[in-house]
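In terms of my numbering, the numbers along the sequence shown are unbroken and rise by one, the last being 563.
Ideal Cβ positions, reconstructed from N, Cα and C, are used throughout, including at glycine.
Note that the structure is a prediction, hence the values are computed from the model and not measured.
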Amino acid sequence: MTGIRLHAPEPGWAVDADVVVIGSGVAGLTTALRCEAAGLRTVVVTKANLDDGSTRWAQGGIAAALGEGDTPEQHLDDTLVAGAGLCDEPAVRLLVTEGPDAVRRLMATGAAFDRTSDGEISLTREGGHHRRRIAHAGGDATGAEISRALVEAVRARGIRTVEHALVLDLLKDDEGRASGVTLHVMGEGQHDGVGAVRAPAVVLATGGMGQVFSATTNPPVSTGDGVALALRAGAEVSDLEFVQFHPTVLFLGAGAEGQQPLVSEAVRGEGAHLVDADGVRFMLGQHELAELAPRDIVAKAITRRMREQGTEHMYLDARHFGAEMWEQRFPTILAACRAHGIDPVTDPIPVAPAAHYASGGVRTDLRGRTTVPGLYACGEVACTGVHGANRLASNSLLEGLVFAERIAADLAEHGPHREGVARTGGAGTVLTLIAPEARRDIQRIMTRYAGVLRSSASLTAATEALEALRQGAEDDRKAAEPGVDSWETTNLLCVARVLAASALAREETRGCHWREDHPDRDDERWRRHLVVHLTPDRSPVVRTTGTADFPPVTP
Numbered sequence: 009m010t011g012i013r014l015h016a017p018e019p020g021w022a023v024d025a026d027v028v029v030i031g032s033g034v035a036g037l038t039t040a041l042r043c044e045a046a047g048l049r050t051v052v053v054t055k056a057n058l059d060d061g062s063t064r065w066a067q068g069g070i071a072a073a074l075g076e077g078d079t080p081e082q083h084l085d086d087t088l089v090a091g092a093g094l095c096d097e098p099a100v101r102l103l104v105t106e107g108p109d110a111v112r113r114l115m116a117t118g119a120a121f122d123r124t125s126d127g128e129i130s131l132t133r134e135g136g137h138h139r140r141r142i143a144h145a146g147g148d149a150t151g152a153e154i155s156r157a158l159v160e161a162v163r164a165r166g167i168r169t170v171e172h173a174l175v176l177d178l179l180k181d182d183e184g185r186a187s188g189v190t191l192h193v194m195g196e197g198q199h200d201g202v203g204a205v206r207a208p209a210v211v212l213a214t215g216g217m218g219q220v221f222s223a224t225t226n227p228p229v230s231t232g233d234g235v236a237l238a239l240r241a242g243a244e245v246s247d248l249e250f251v252q253f254h255p256t257v258l259f260l261g262a263g264a265e266g267q268q269p270l271v272s273e274a275v276r277g278e279g280a281h282l283v284d285a286d287g288v289r290f291m292l293g294q295h296e297l298a299e300l301a302p303r304d305i306v307a308k309a310i311t312r313r314m315r316e317q318g319t320e321h322m323y324l325d326a327r328h329f330g331a332e333m334w335e336q337r338f339p340t341i342l343a344a345c346r347a348h349g350i351d352p353v354t355d356p357i358p359v360a361p362a363a364h365y366a367s368g369g370v371r372t373d374l375r376g377r378t379t380v381p382g383l384y385a386c387g388e389v390a391c392t393g394v395h396g397a398n399r400l401a402s403n404s405l406l407e408g409l410v411f412a413e414r415i416a417a418d419l420a421e422h423g424p425h426r427e428g429v430a431r432t433g434g435a436g437t438v439l440t441l442i443a444p445e446a447r448r449d450i451q452r453i454m455t456r457y458a459g460v461l462r463s464s465a466s467l468t469a470a471t472e473a474l475e476a477l478r479q480g481a482e483d484d485r486k487a488a489e490p491g492v493d494s495w496e497t498t499n500l501l502c503v504a505r506v507l508a509a510s511a512l513a514r515e516e517t518r519g520c521h522w523r524e525d526h527p528d529r530d531d532e533r534w535r536r537h538l539v540v541h542l543t544p545d546r547s548p549v550v551r552t553t554g555t556a557d558f559p560p561v562t563p
């Protein structure tokens with residue numbers, strides 16, 4: 009137990025529940041719906057509106073062995089290859105075997121996927137998949153449709169929600185078990201200011217941490233709040249160095265910052281080509297799947313070509329699709345491109361890699377349990393062992409769905425633990441807050457020194473620069489005042505420091521972790537997981553597991 013908490017006012021109000029779910033993407037809302045169906049009093053806390061999480065930005069779709077001739081075993085094989093030797097095979101097998109029925113239950117909840125003319129689910133391919141197994145909706149608006157269906161179901165069932173609320177810290181009982189969370193409601197809901205949801209089961213479904221980089225596909229709310237909360241609460245995180253950079257993000261200029269438009273891998277799945285300024289298809293000969301190689305391979309190939317030619321982007325050429333296919337299959341991407349002055353019907357699309365997905369996160373077992381009793385995690389915030397060193401395209405929505413159901417099943421079977429005495433006060437060391445203006449500094453440090461290309465020198469520079477920011481806040485007599493911006497910035501600095509420490513420790517190139525000074529994959533030394541916890545003085549401690557097996561969680 010670290011005893012670390014954010015500087016914040018004491019809770020001025022409280023709500024009681026059996027389960028509190030933090031986040032409203034596919035993982036969070038599925039957990040809430042299944043818990044409510046099991047008779048558990050459930051409260052959903054979300055940072056903005058119910059439909060403002062990362063799920064609604066998902067374009068490509070959800071992967072599952074739903075097509076004729078496809079099998080869970082084939083899906084497992086593709087996932088293991090993409091994960092570059094670090095997937096936990098039992099977790100992957102669970103994902104691919106339970107996935108098809110979980111998708112069918114999602115459809116029964118109200119999600120409408122695109123259909124073929126004979127009424128079958130329309131399936132496409134994406135990078136790393138040897139079969140068409142990506143179910144999609146609205147052409148390229150799958151996440152938006154899933155979010156719509158789940159939000160409608162949550163509202164129809166009357167599940168209590170607290171919107172516009174930033175989660176702050178985990179509450180624990182006198183046995184060290186989770187007993188709820190503190191949170192700050194931003195003046196938009198029935199509560200206001202700092203309060204608490206008291207519950208013996210806490211589920212983190214807070215999404216990713218893409219905002220730790222200058223350019224990302226993640227929405228502004230993705231500031232690593234769940235990982236930072238878990239670390240302060242004494243939980244372990246794993247494999248945080250494996251940040252997937254999506255290879256084809258619309259290039260808006262060298263100085264572009266914040267959320268960038270994604271050009272879905274499904275565009276390549278339907279036959280688009282990656283080319284350089286001379287029109288050369290540079291992925292041919294790089295991998296048997298060419299443009300449909302796993303994302304880490306494509307991102308590295310694009311980065312290499314950019315360096316060789318001294319350019320800031322490559323091109324995705326799908327002019328051969330024609331206007332009708334663009335309008336019907338990829339209307340969202342077409343609109344985004346045209347909004348930025350690019351017409352993919354007549355012009356190649358400028359693309360470059362940008363931070364997209366955290367393959368690591370809060371360490372869990374196959375029931376979503378973390379190393380802190382009563383604290384669960386699912387979705388992008390979690391590290392279940394499914395993704396290994398590189399997530400296979402469109403496995404993210406499926407992972408959130410499957411593990412959300414497993415968490416709810418665990419809680420329904422065993423019931424929330426209520427024996428300890430809940431503590432709602434603010435025990436622990438109060439963390440000095442980082443000024444909001446440091447947010448851009450953190451993002452630029454991480455982009456420059458810990459982005460697609462990494463080395464010992466660059467990661468050491470990142471570590472030192474981030475530590476200087478922390479020390480500056482500690483030494484400043486005018487520390488940042490409590491508030492949403494300073495809490496988010498403090499969370500970003502926490503996850504940035506852990507990410508940089510993990511990336512510096514892993515002296516090899518594997519999956520989406522690319523070390524220029526260690527360009528080869530080293531299975532003998534590094535087919536291992538990195539596990540991190542914080543000490544009471546807020547220092548990240550990185551340990552290496554003894555084998556490639558995903559370490560057990562023993563709360």
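Within this structure, are the beta carbons of Asp26 and Pro269 separated by less than 9 Å? no
Would you say Val162 faces chain C, with C-beta separation under 9 Å as the test? No chain C appears in the structure shown, which is made up of a single protein chain.
Compute the Euclidean distance between the alpha carbons of Thr225 and Val561, then round it to the nearest angstrom. 31 Å
Residue range of the beta strand (DSSP E) that Leu212 falls in? 209-212
Coarse secondary structure for Ala476, derived from DSSP in three states: helix
State the CB to CB distance for the pair Arg133 and Gly277, rounded to an integer number of angstroms; the pair is presumed to be in contact (CB under 8 Å). 4 Å
Can you tell me the Cβ-Cβ gap for Val275 and Ile341, rounded? I've got them flagged as a contact below 8 Å. 7 Å
Compute the beta-carbon to beta-carbon distance between Ala458 and Thr497, rounded to the nearest angstrom, for a pair I have assumed lies under 8 Å. Ala458 to Thr497, Cβ: 17 Å. No contact.
In whole angstroms, what separates the C-alpha of Thr38 from that of Val288? Between the alpha carbons of Thr38 and Val288 lies a distance of about 44 Å.
Minimum C-alpha distance to Leu297 - residue among His138, Arg514, Pro527: Answer by Cα proximity: His138.
Around the C-beta of Glu316, are 16 or more other C-beta atoms found within 10 angstroms, so that it is buried, or is it exposed? Around the CB of Glu316, fewer than 16 other CB atoms lie within 10 Å, so the residue is classed as exposed.
With 16 other CB atoms within 10 Å as the buried threshold, where does Asp304 fall? buried
Relative to the alpha-carbon of Ala46, which residue among Gly266, Pro424, Ala164, Ala213 has its alpha-carbon at the smallest distance? Nearest option by C-alpha distance: Pro424.
Short check: CB of Gly68 to CB of Leu131, under 9 Å? no
Give me the Cα-Cα distance between Asp493 and Pro98, rounded to the nearest whole angstrom. 40 Å
Which value, in whole angstroms, describes the spacing of the CA atoms of Arg140 and Thr517? 29 Å
Whose C-alpha, out of Pro255, Arg312, Val394, Val28, is nearest the C-alpha of Leu189? For the record, residue 189 in the displayed sequence is Val; it is not Leu. Cα-wise, what sits closest to Val189 is Val28.
Just the Cα atoms here: how many angstroms apart are Glu44 and Thr50? 6 Å
Sequence-distant residues of its chain with Cβ nearer than 6 Å to Val306 (five each side left out): Taken in chain order, the residues that qualify are Pro255.
State the start and end residues of the unbroken alpha helix (DSSP H) segment that holds Gly218. Where Gly218 is concerned, there is no enclosing alpha helix (DSSP H), given that its DSSP letter is neither H nor E.
Are Pro302 and Gly136 close, meaning C-beta to C-beta below 9 Å? yes
May I ask you to list the residues that DSSP assigns as paired with Phe411? For Phe411, which the question treats as bridged, DSSP gives no partner whatsoever.
Using C-beta distances below 7 Å, list every residue in its chain close to Ala40, excluding the 5 sequence neighbours before and after it, in chain order. Val29, Thr50, Val52, Val162, Ile167
If I measure Cβ to Cβ from Ala420 and keep anything under 6 Å in the same chain, skipping five residues before and after, which residues do I get? Within the same chain, Ala420 has close Cβ partners Ala46.
Going by DSSP in three states, Thr231 sits in which element: helix, strand or coil? The three-state secondary structure of Thr231, taken from DSSP, is coil.
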